[in-house]
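Step one of this worksheet: look at the structure below.
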Amino acid sequence: MASRLAPLIPKRALRPSILRCRASPPLTRSQSTSTPRPPYLINDRLYPTDAWSNCPPTILSKTGRNLHLLPAHPIAIIRQIIEDHFSAYTALIPETPAVSVHQNFDELGFPPDHPGRSMTDSYYLNKEHMLRTHTSAHEVESYRKGLDRWLLSADVYRRDEIDSSHYPVFHQMEGTHVWSEDELRTLPELNAQLAASLAACPILIEDPTSISPSNPYQPHHDPAHAAQIVQHLKHSLNSLIFRLFGHVVTKTGEPLRVRWIEAYFPFTTPSYEVEVWWDGKWLEILGCGVVMQKTLDQAGVSNKAGWAFGLGLERLSMVLFSIPDIRLFWSHDQRFHSQFSAGQITTFKPYSKYPACYHDMSFWLPVGAVADKGGVDSGKGGGEKGEGGVGAAGGKGRVFHENDYFEIVREITGDLVENVALIDEFTHPKTGRQSRCYRLNYRSMDRSLSNDEVGALQKQVQERVVREMGIEMR
1 MASRLAPLIP KRALRPSILR CRASPPLTRS QSTSTPRPPY LINDRLYPTD
51 AWSNCPPTIL SKTGRNLHLL PAHPIAIIRQ IIEDHFSAYT ALIPETPAVS
101 VHQNFDELGF PPDHPGRSMT DSYYLNKEHM LRTHTSAHEV ESYRKGLDRW
151 LLSADVYRRD EIDSSHYPVF HQMEGTHVWS EDELRTLPEL NAQLAASLAA
201 CPILIEDPTS ISPSNPYQPH HDPAHAAQIV QHLKHSLNSL IFRLFGHVVT
251 KTGEPLRVRW IEAYFPFTTP SYEVEVWWDG KWLEILGCGV VMQKTLDQAG
301 VSNKAGWAFG LGLERLSMVL FSIPDIRLFW SHDQRFHSQF SAGQITTFKP
351 YSKYPACYHD MSFWLPVGAV ADKGGVDSGK GGGEKGEGGV GAAGGKGRVF
401 HENDYFEIVR EITGDLVENV ALIDEFTHPK TGRQSRCYRL NYRSMDRSLS
451 NDEVGALQKQ VQERVVREMG IEMR
């Protein structure tokens, strides 16, 4: 039985992929040994391991870094600006990234075959617990506490590709505002005040969205109340976006351009994405919508309705501070950290760009195995990924998951690989066997890498993927 999540505490109180639910997990490369693993220690709590456990030391070492709480770190600076803007909202920081699988998926209505449940996409501590994949894992709990306005920031964990904008640990913030039925009657007046405040700002808002069968109000919501909730959502977030990006007006003399687009999210309807015209193109900033009533019902606050939004703090930080590589956020180099001060958005000045060194790795997949990128991008349904990754034995019906390959690269090289790209695919015309070639681009952010060092790392990666994924080097 899953244990109760550690309670959320106000931030200001702090000091200083598709896997069906089943009794047994599928075989993945992380299960290539029967040697018992020691328990995981996270936030002074031990989590016993089992066949589901797939958290490498490289990921566990990130659980206590708390970049979003370091006052002069870019991620924390953006978090603080948003919290200051929504000063009437309670700011929450979860005590631990470890949550129950029930909280991360079941409580939010994820179907049993949702891609996010896959062991190739998520980090499991054991069958009952995992590292949260999104801040929404704390949503029901926060509503259940009776909080009507809150912001929640946290580190989240997902197995992912390797490039300058993806990292297996990143930071999200979500916020929400809900009202009781009696309180909803005050929204027209609140919306009029917000609209008047926005009218005084140099902001140009493009909003062609409408309510339609593809983006409807919820059946149990009074359409008049739902319309007022949507208006409050839009006014509130337009105001936030102007707070974050309004300085561009000073530089260009042009109004800030914001665009609203209809979207789909499983936790809200109607739903929207918001974009900003930035550096000559539209840039997606956040997703939002009216909270699904079933989420509030689950929390025991069926008498309330409201809106919620979610955003990635790294994405905003990379844009606003002009940070080119997501790995830099995790650097200990003072040449990075000395450029930032609490409460200030400044332009990052790159220090020495060290030379890149790339090595290609070409291999045959096991006989009968097929390649799958995993997760939502694969477009595969149901049980196809339920067969699990390519184990040491390989064989017919197995699936080669890129995320398993990327995980091995990260475990061995740390942050020394800038990106990994698939550069060639080949299917033998006679045997039908599949071949893949990946290019690993090595580049340290802090120092030059020698050819010998890179060669040794490449050899370790090759030996490990052969042993654990059943592939054959070409």
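One point on numbering: in the UniProt record's numbering, the residue at position 266 of the sequence shown is 266, and numbering is uninterrupted.
Glycine residues also receive a C-beta, built at the ideal position from the N, C-alpha and C atoms.
Quick caveat, the model's predicted, so the values are computed rather than measured.
Exposed or buried, what is residue i when buried is set at 16 or more other beta-carbons lying within 10 Å of its beta-carbon?
i: residue 465; result: buried
i: residue 423; result: exposed
i: residue 135; result: buried
i: residue 429; result: exposed
i: residue 303; result: exposed
i: residue 372; result: buried
i: residue 451; result: exposed
i: residue 43; result: exposed
i: residue 404; result: buried
i: residue 185; result: exposed
i: residue 67; result: buried
i: residue 171; result: buried
i: residue 250; result: exposed
i: residue 61; result: exposed
i: residue 365; result: buried
i: residue 223; result: exposed
i: residue 84; result: exposed
i: residue 376; result: Bear in mind that a pLDDT of 32 at residue 376, under 50, signals an unreliable position, so the model cannot answer this.
i: residue 87; result: exposed
i: residue 400; result: buried
Once you ignore the five residues that flank residue i on each side, which residues in its own chain have a CB closer than 6 Å to its CB?
i: residue 476; result: With the chain covering only 1 through 474, there is no way to say anything about residue 476.
i: residue 167; result: 326
i: residue 56; result: 411
i: residue 414; result: none
i: residue 160; result: 166 and 168
i: residue 421; result: 439
i: residue 335; result: 351
Within the continuous beta strand (DSSP E) that includes residue i, where are the two ends?
i: residue 291; result: 281-291
i: residue 441; result: 434-442
i: residue 321; result: Unbroken run through residue 321 is the alpha helix (DSSP H), 313-321; no beta strand (DSSP E).
i: residue 58; result: It is not in any beta strand (DSSP E) - residue 58 instead sits in the alpha helix (DSSP H) that spans 57-60.
i: residue 275; result: 268-278
i: residue 91; result: 90-94
i: residue 154; result: 149-157
i: residue 70; result: Element bounds for residue 70: n/a, residue is neither H nor E.
i: residue 417; result: 417-427
i: residue 408; result: Looking at the DSSP string, residue 408 is not in any beta strand (DSSP E); the run it does join, the alpha helix (DSSP H), is 402-413.
i: residue 301; result: Run containing residue 301: none; DSSP gives neither H nor E here.
i: residue 372; result: 370-372
Can you tell me the Cβ-Cβ gap for residue i and residue j, rounded? I've got them flagged as a contact below 8 Å.
i: residue 276; j: residue 245; result: 5 Å
i: residue 132; j: residue 89; result: With a Cβ gap of about 21 Å, residue 132 and residue 89 do not count as contacting.
i: residue 358; j: residue 440; result: 6 Å
i: residue 78; j: residue 313; result: 5 Å
i: residue 124; j: residue 53; result: 6 Å
i: residue 162; j: residue 406; result: 5 Å
i: residue 127; j: residue 182; result: Not really, about 44 Å apart at Cβ, beyond 8 Å.
i: residue 241; j: residue 285; result: 6 Å
i: residue 435; j: residue 362; result: 7 Å
i: residue 101; j: residue 130; result: 6 Å
i: residue 265; j: residue 295; result: That belief does not hold up - the Cβ atoms of residue 265 and residue 295 are roughly 11 Å apart, past 8 Å.
i: residue 342; j: residue 71; result: 4 Å
i: residue 408; j: residue 463; result: Wrong, their Cβ atoms sit about 10 Å apart, outside the cutoff.
i: residue 305; j: residue 221; result: 6 Å
Considering only residues of the same chain and omitting the five flanking positions on each side of residue i, which have a CB-CB separation below 7 Å?
i: residue 444; result: 354 and 416
i: residue 238; result: 198, 203, 205 and 258
i: residue 447; result: 354
i: residue 298; result: 107 and 140
i: residue 228; result: 184, 187, 188 and 191
For the alpha helix (DSSP H) containing residue i, name the first residue and the last one.
i: residue 82; result: 74-85
i: residue 143; result: 139-144
i: residue 176; result: Not the alpha helix (DSSP H): residue 176 falls in the beta strand (DSSP E), residues 169-180.
i: residue 117; result: Element bounds for residue 117: n/a, residue is neither H nor E.
i: residue 337; result: 334-337
i: residue 241; result: 223-245
i: residue 452; result: 451-469
i: residue 195; result: 187-199
i: residue 101; result: 101-104
Excluding five sequence neighbours on each side, which residues of the same chain lie with their C-beta closer than 8 Å to the C-beta of residue i?
i: residue 269; result: 215, 216, 217, 218, 289, 290 and 292
i: residue 356; result: 418, 441, 442 and 443
i: residue 482; result: Nothing can be reported for residue 482, as the shown portion of the chain is limited to 1 through 474.
Within 8 Å, do at least three Cβ pairs link the region 173-183 to the region 300-319?
Yes: the two stretches touch, three or more of their Cβ pairs being nearer than 8 Å.
Inspect the CB distances between the region 188-197 and the region 230-249 and report whether three or more fall short of 8 Å.
Under the Cβ criterion (8 Å, minimum of three pairs), the region 188-197 counts as touching the region 230-249.
Using 8 Å as the cut-off, can you tell me whether the region 91-105 makes contact with the region 147-165, which would need three or more C-beta pairs spanning the two stretches below that distance?
Touching, per the Cβ criterion.
Decide if the region 202-218 is in contact with the region 331-346; the criterion is three or more beta carbon pairs, one per stretch, under 8 Å apart.
Contact between the region 202-218 and the region 331-346 is absent: fewer than three C-beta pairs spanning the two stretches fall below 8 Å.
Counting beta carbon pairs with one atom in the region 99-108 and one in the region 254-261, are three or more of them shorter than 8 Å?
Touching, no, given that fewer than three Cβ pairs across the two stretches are closer than 8 Å.
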